[in-house]
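Working notes, structure below.
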Amino acid sequence: MILDDEVFAVIMAIVVVASIFAFAMVISPSTSEPFTAIGLLNSECKIGEYPVRAVLGDNVTLCIFVDNHMGRPIYYRVVYKIGSSSQLPTNTSPSPSPEVLEWRGVLDNGINTTFKVVVPVWYGGGEATNRSTMIFELWVYNTDRSSWEYTGRWVHLHIELMSPRG
Amino acid sequence: MVKLHLLVVISIVLASTITPIGTGIKRAHAETDNDLEAEIVALVKDIEYLSSRGVEVGPIVHELDQAVKLVQSGRLGDAEELLSRIRRSVDELKGRAEQIYIVENIYRYGLASLILLIPVLTYLLLPRLYLYTWYRSKRKWVVGGVEK
């Protein structure tokens, strides 16, 4: 036998496994575990070197990164709130702090976006301490329920506040 | 004194006329805002449907994102124009969505069937191909006898 039986069996096993794998990739849905993501970047839209302190009432420049892997296009909004460390959102409920600013957009599946935001800072949570928490929450519009839904994704930054007179 | 009374009356009349116009303008602006928001939401829903049917919606989503940004920046006229354009594109695609979905499915399941055929074809053709290649590589060999 020119082509050895055992060699032929190994080749066939590899071809069968590869074919089944390729078949599953073609048939299965494109997004098996849908998710969205939000990230916080510094003023140059890079990770790290986040501002540590700011003057009360001044603006802080940051960048927001939003990623969509929901398997469909999404209409999202990023909500900015100022609070304290005790008012952070959780993965099921948003922060109780009032909304200060929001940014909206539409993202296709598998696409992400990064944009600059300029936000004011002041005392958060009604407490006149010298620390505040900048909170950015990600909300997505649910077209079936015709309402905005909190995704459970957020980022926050604790910042030390200085009075304008230093 | 009469002149003063006249002035007061004229002021009251002017104020009662201008105020409704002012709030009317504000109300019209708010209504336009709400209308645009409603149109954006409707388009998002349609685009979700198109995406579920396998229609390529990348460029439309990008345009809709730009429209949202225009609304946010207060450029309502530009936003309305862009939204109208997007609506025309979406309506056209909705008419062809089912056809695109069927073609997509034919392509996907056809490709899957071809992939499943590969092991069968390999089993049948690989030995033949190997043998053919082997013979071709050795066709110049001469089989000679050994003299005793």
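Just so you know, the sequences run in chain order L and E.
Its first residue numbered 13, the first sequence is counted upward by one per residue in our numbering.
Its first residue numbered -9, the second sequence is counted upward by one per residue in our numbering.
The C-beta atom is built at its ideal place from N, Cα and C for all residues, glycine as well.
From a predicted model like this one, the values you see are computed outputs, not experimental measurements.
(request) Look at the Cβ atom of Pro176 of chain L, then the Cβ atom of Leu100 of chain L, and state whether they are nearer than 8 Å. (result) No, the pair does not count as a contact, with Cβ atoms beyond the cut-off.
(message) Along the stretch 24 to 45 of chain L, where does the CB come closer than 7 Å to a CB of chain E? Name the residues.
(response) Going along the stretch 24 to 45 of chain L in chain order, one finds Met24, Val27, Val28, Ser31, Ala34, Phe35, Val38, Ile39 with a Cβ nearer than 7 Å to chain E.
(request) Note down, one range per segment and in chain order, each alpha helix (DSSP H) of at least 4 residues found wholly within the stretch 41 to 129 of chain E. (result) Runs of the alpha helix (DSSP H) inside the stretch 41 to 129 of chain E: 48 to 62, 66 to 127.
(request) Consider the Cβ of Arg65 of chain L: report whether some Cβ of chain E lies at a distance smaller than 8 Å. (result) Output row for Arg65 of chain L: interface = no.
(message) Determine, for Ile38 of chain E, whether the minimum Cβ-Cβ distance to residues of chain L falls below 8 Å.
(response) The amino acid at residue 38 of chain E is misidentified as Ile; the sequence shows Glu. It does; some Cβ of chain L falls within 8 Å.
(message) Pull the bridge partners of Trp4 of chain L from the DSSP assignment, please.
(response) Residue coverage of chain L in this structure runs from 13 to 178, which leaves residue 4 of chain L outside it and unanswerable.
(request) State the Cα-Cα distance for the pair Ile171 of chain L and Pro132 of chain L, rounded to the nearest angstrom. (result) Going by the C-alpha atoms only, they are around 12 Å apart.
(message) Just to confirm the assignment, what range does the alpha helix (DSSP H) spanning Glu111 of chain L have?
(response) Counting along the chain, Glu111 of chain L sits inside no alpha helix (DSSP H); it lies in the beta strand (DSSP E) bounded by residues 111 to 119.
(message) Can you pull out the residues from the stretch 105 to 124 of chain E whose beta carbon lies closer than 8 Å to at least one beta carbon of chain L?
(response) Among the residues of the stretch 105 to 124 of chain E, those with a Cβ less than 8 Å away from any Cβ of chain L are Ile105, Leu106, Ile108, Pro109, Thr112, Tyr113, Leu116, Pro117, Tyr120, Leu121, Trp124, in the order of the chain.
(message) Taking its Cβ as the centre, do 16 or more other Cβ atoms sit within 10 Å of Tyr97 of chain E, making it buried, or is it exposed?
(response) Tyr97 of chain E is exposed by the Cβ-count criterion.
(request) State the DSSP-derived secondary structure class of Tyr62 of chain L, mapped to helix, strand or coil. (result) If DSSP states are grouped into helix, strand and coil, Tyr62 of chain L belongs with coil.
(request) Quick one: which residues of the stretch 105 to 122 of chain L get their C-beta closer than 8 Å to a C-beta of chain E? List them in chain order. (result) Answer set for the stretch 105 to 122 of chain L: Trp115, Arg116, Gly117, Val118, Leu119, Asp120, Asn121.
(message) Alpha carbons only, please: which of L:Glu111, L:Ser44, L:Thr126 is nearest the one belonging to Cys57 of chain L?
(response) Closest by alpha carbon: L:Thr126.
(message) One question on the structure: do Val129 of chain L and Trp151 of chain L come within less than 8 Å of each other, judged by their Cβ atoms?
(response) One thing to note: Val129 of chain L has its Cβ no nearer than 8 Å to the Cβ of Trp151 of chain L.
(message) Taking the alpha carbon of Gly83 of chain L as the reference point, which residue from L:Phe148, L:Asn124, L:Ser144 has its own alpha carbon closest?
(response) Gly83 of chain L has its Cα closest to that of L:Asn124, out of L:Phe148, L:Asn124, L:Ser144.
(request) Would you kindly work out how many angstroms separate the C-alpha atoms of Arg75 of chain E and Pro85 of chain L, rounded to a whole number? (result) Roughly 19 Å between the two C-alpha positions.
(request) Under 8 Å between beta-carbons, which chain E residues line up against Arg84 of chain L? List them in chain order, please. (result) For Arg84 of chain L, the chain E residues whose C-beta falls within less than 8 Å of its own C-beta are Glu38, Ser41, Ser42, listed in chain order.
(request) Using 7 Å as the cut-off, classify the Cβ of Leu72 of chain E as near or not near the heavy atoms of the ligand GTP, replying yes or no. (result) Only the bare structure without any ligand can be found here, which leaves the ligand GTP out of the picture.
(request) Specify, as a first and last residue, the run of the beta strand (DSSP E) that Val132 of chain E falls within. (result) Following the DSSP letters along the chain, one finds Val132 of chain E in no beta strand (DSSP E), marked with neither H nor E.
(message) Only counting the same chain, and skipping five residues up and downstream in sequence, which positions put a Cβ closer than 6 Å to that of Glu149 of chain L?
(response) Correct list, in chain order: Val91, Pro101, Pro106, Trp166.
(request) Specify whether the stretch 81 to 97 of chain E and the stretch 23 to 43 of chain L touch according to this definition: at least 3 beta carbon pairs, one from each stretch, less than 8 Å apart. (result) Result no; under three Cβ-Cβ pairs closer than 8 Å.
(message) Against chain L, with Cβ distances strictly below 8 Å, would Leu(-4) of chain E count as a contact?
(response) It does not; no Cβ of chain L falls within 8 Å.
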